[in-house]
Amino acid sequence: MYEPILSLGMSPQQRRWSSISRNLPVLGLVLASASVRAAAQVRSQLDLGGASIEVGGEEERYLRVLQIAGKAPLTPWTVQPFSPTQTAALRKLGPNPWESRYDSTSREHAASVLRPKARVIGNSTFPFQDGPGPTWAGRGLTGEVEGGIAARWTVVHFQLAPTAFLAQNLSFALAPNGRTGDQRFGDARFPLQIDAPQRFGSKAYGRIDPGESSLSADALGLFVGLSSAAQRWGPDREFPLVLGPNAGGFPEAFAGTSKPLDLWLFRVHGRVVYGELGQSAIAAPVLGERRRFGSGLVGTILPRGVPGLELGGSRFIHEEWPAGGLTLHSFTRPFSAAGNLLGSSSADNPRTENQVASFFARWALPSAKAEFYGELYREDFFGKFHRAPGSLIEKPDDYASFALGFQRVFVSNEHHIRLVRGELVNGEISHQERDARGFTIPLPPYIHSVVTQGHTVNGLILGSPDAYGGSGWRLGVDDYTSSGRRSFTFERSLRFDWLPGTATGTSLVHPDVIYDVRAEMLRFAGRRDIGITLIPAVDLNRNLVAKHDVLNLTAAVTVRGW
């Protein structure tokens, strides 16, 4: 009964997971029964979430606030997910409003049943996302469930935490992209250069994702393992430019430092990843393959004598899945020459690769109860370093994007913390060389003409959807008390400012822009966490139709616990 619905819009690899959906009711009963037995037999997990700290989750955001309030240790925030060593250190907190939500027990050998999570999201008029993760919330109702187990044996850590969702996916007016058939559901501007569908087919759409699952070892200063968990590279809270939790994670192998390595003048912390990236059923295969090989490197430096300062960079490479299988070159590529960052030769910049990179900085100042951060993102190569069309010296902002943000704590005691935050992203700053490279239209980040899925996984953008749209900003206030959290955020997002047929520069169009207010409330009820989100939004000039302003209401209810 469930399999045909969940299989819609799925790749063959994803379809293999869909058979599990037929047993979801039984699985739910088994997990519930196991959780009751486990309560008397094993250590209960952290009340806020799982054994690990979920990227973009409630606990991760709260601990970041505690860090700048001086109630949590200073540790790098620009390479996530955290290692178990970092996680253990971060959970050693001073007095704070949510102190009673933490399980302070610790054992060398421990197992736990993760508190299940259920969420229902409703969109009245058009798709609108509520929170990070692999779930896509279309028009109508979307249901999501999470659950699993976690275990630790000395230096080995294991977590199985899959996510399943099913979206009603009701119809709505699509932005015309000039395509027919299923490709009409593709991206409005670049349907053949990025796998970012406006709608995932014409029927209900669902998927079972491995979610926050991992198997890792943390010993001798190294953190290595296998994972499908979401990642965040760089300091951006709302608009991470290279990797963030917007799309969830992807199957990967990784290796890095478990905590910053002390080199006296500075400490260094980093990670390398190798993964398999899937695509939606809307995008066409590349050379018959529906998967890509992804590899990347991220690192940060913490200078001696400047507590809280992080300076770092990242690089991520997409390539076609090698026809003859993975080679040594596939694994050494993240460490090779800068390629599309500094050179333009075909040897350094293979056309079958899509590379993105960034430089970033974050400065957490607990003494001032504030943090400031920024990231400069780069896509495609400079023509030359100096004195040539597209040189780094003459046109450093060519094909670049940036994000800037701050957080400031104004009230901080053991009963109440109030935070004011703001962040902006711009993916359409000056691109001076478009004409020289044959482009007469504004090119957003994340697209590619050979690796046509772009910087995505399973149809969702790995970085920031707002940067891909063009630009965005958010201003918000969070109040944390012993009973939970209240948040209000004012948001603006540029969806796009041209469509096929209006891209010559001679046609004046009004940009498609969304303004919304995000109101969130989280309340603790015993061991349960109950969250309610309301997001009234107005989309001005929707689909670039002047004065065609459309209202949407997003409402979501989340329950975690038993």
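The sequence shown finishes on residue 1566 if you use our numbering, and the numbering steps up by one all the way, no holes.
Ideal placement from N, C-alpha and C gives every residue a C-beta, glycine not left out.
Nearest-angstrom Cα distance between residue i and residue j?
i: Lys1631; j: Thr1146; result: Because the chain spans 1005 through 1566 in this model, residue 1631 falls outside it and cannot be assessed.
i: Leu1078; j: His1273; result: 13 angstroms
i: Ala1141; j: Glu1150; result: 16 angstroms
i: Thr1493; j: Gly1535; result: 16 angstroms
i: Ser1340; j: Gly1248; result: 24 angstroms
i: Arg1546; j: Ser1497; result: 12 angstroms
i: Thr1304; j: Gly1312; result: 12 angstroms
i: Val1124; j: Lys1096; result: 33 angstroms
i: Arg1203; j: Asn1462; result: 13 angstroms
i: Ile1198; j: Ile1451; result: 5 angstroms
i: Ala1550; j: Glu1148; result: 36 angstroms
i: Ala1168; j: Asp1213; result: 6 angstroms
i: Asn1344; j: Arg1319; result: Any answer about Asn1344 is weak, because its pLDDT of 45 lies below 50 and its placement is not dependable; what the coordinates show is given next. Roughly 11 angstroms between the two C-alpha positions.
i: Ala1372; j: Val1069; result: 13 angstroms
i: Arg1564; j: Gly1210; result: 21 angstroms
i: Glu1064; j: Pro1264; result: 19 angstroms
i: Ser1491; j: Asp1533; result: 15 angstroms
i: Leu1358; j: Gly1253; result: The sequence as given places Asn at residue 1358; Leu does not occur at that position. Each residue's Cα considered, the two are about 19 angstroms apart.
i: Ala1223; j: Pro1370; result: 30 angstroms
i: Ala1559; j: Val1517; result: 20 angstroms
i: Glu1256; j: Arg1183; result: 34 angstroms
Identify which residue in the options has its Cα closest to the Cα of residue i.
i: Gly1431; options: Gly1463, Arg1499, Gln1457; result: Arg1499
i: Phe1376; options: Ile1072, Tyr1066, Gly1060, Arg1065; result: Ile1072
i: Asp1402; options: Ala1288, Tyr1381, Pro1515; result: Tyr1381
i: Leu1200; options: Gln1090, Ala1287, Val1069; result: Before going on, a small fix: residue 1200 reads as Ala here, not Leu. Ala1200 has its Cα closest to that of Ala1287, out of Gln1090, Ala1287, Val1069.
i: Arg1425; options: Gly1137, Ser1104, Glu1242, Leu1094; result: Glu1242
i: Phe1406; options: Ala1171, Leu1423, Glu1379; result: Glu1379
i: Glu1280; options: Pro1264, Ser1475, Gly1300; result: Gly1300
i: Val1159; options: Thr1356, Pro1338, Leu1219, Tyr1278; result: Leu1219
i: Gly1152; options: Pro1370, Ala1055, Gly1229, Gln1187; result: Ala1055
i: Gln1411; options: Phe1363, Phe1364, Leu1479; result: Leu1479
i: Tyr1106; options: Ile1057, Val1083, Pro1120; result: Ile1057
i: Leu1067; options: Thr1089, Asn1100, Gly1260, Val1083; result: Asn1100
i: Leu1555; options: Gln1172, Leu1526, Asp1520, Gly1530; result: Asp1520
i: Ser1486; options: Ser1475, Glu1216, His1419; result: His1419
i: Leu1503; options: Trp1477, Pro1448, Thr1460; result: Pro1448
i: Asn1417; options: Val1310, Ser1116, Glu1103; result: Glu1103
i: Gln1172; options: Ala1192, Thr1139, Ala1404, Arg1193; result: Thr1139
i: Phe1162; options: Ala1192, Ser1128, Phe1414, Gly1229; result: Gly1229
i: Asp1191; options: Pro1469, Thr1356, Val1542, Phe1528; result: Pro1469
Could you have a look at residue i and say whether DSSP puts it in helix, strand or coil?
i: Val1310; result: coil
i: Asn1545; result: coil
i: Ala1133; result: For the sequence presented, residue 1133 should be read as Gln rather than Ala. Three-state DSSP puts Gln1133 in coil, outside helix and strand.
i: Gln1457; result: coil
i: Gln1084; result: strand
i: Asp1520; result: strand
i: Gly1182; result: coil
i: Ala1341; result: coil
i: Gln1411; result: strand
i: Gln1187; result: helix
i: Ala985; result: Since the first residue shown for the chain is 1005 and the last is 1566, residue 985 is missing from the structure and cannot be characterised.
i: Asn1417; result: coil
i: Ala1251; result: helix
i: Arg1531; result: coil
i: Lys1121; result: strand
i: Ser1116; result: strand
i: Trp1566; result: coil
i: Trp1325; result: coil
i: Asn1127; result: strand
i: Ile1451; result: coil
i: Asp1482; result: strand
i: Val1424; result: strand
Compute the beta-carbon to beta-carbon distance between residue i and residue j, rounded to the nearest angstrom, for a pair I have assumed lies under 8 angstroms.
i: Gly1098; j: Lys1075; result: 4 angstroms
i: Ile1465; j: Ala1251; result: 6 angstroms
i: Asp1134; j: Ile1539; result: 7 angstroms
i: Arg1337; j: Leu1306; result: Not quite, the Cβ-Cβ distance comes to about 27 angstroms (not below 8 angstroms), so this is no contact.
i: Phe1189; j: Leu1178; result: 7 angstroms
Starting from residue i, trace the alpha helix (DSSP H) in both directions and tell me its first and last residue.
i: Ile1072; result: 1062-1072
i: Ser1104; result: Careful: Ser1104 lies outside any alpha helix (DSSP H) and carries neither H nor E.
i: Gln1090; result: 1088-1094
i: Ser1334; result: 1332-1336
i: Ala1471; result: 1469-1473
Which two residues bound the contiguous beta strand (DSSP E) that contains residue i?
i: Tyr1278; result: 1270-1281
i: Ser1231; result: 1226-1231
i: Thr1139; result: Premise fails: Thr1139 is in no beta strand (DSSP E) and is neither H nor E.
i: Leu1591; result: With the chain running from 1005 to 1566 in the structure shown, residue 1591 is simply not present.
i: Arg1382; result: 1374-1383
i: Tyr1209; result: 1209-1213
i: Gln1359; result: 1357-1369
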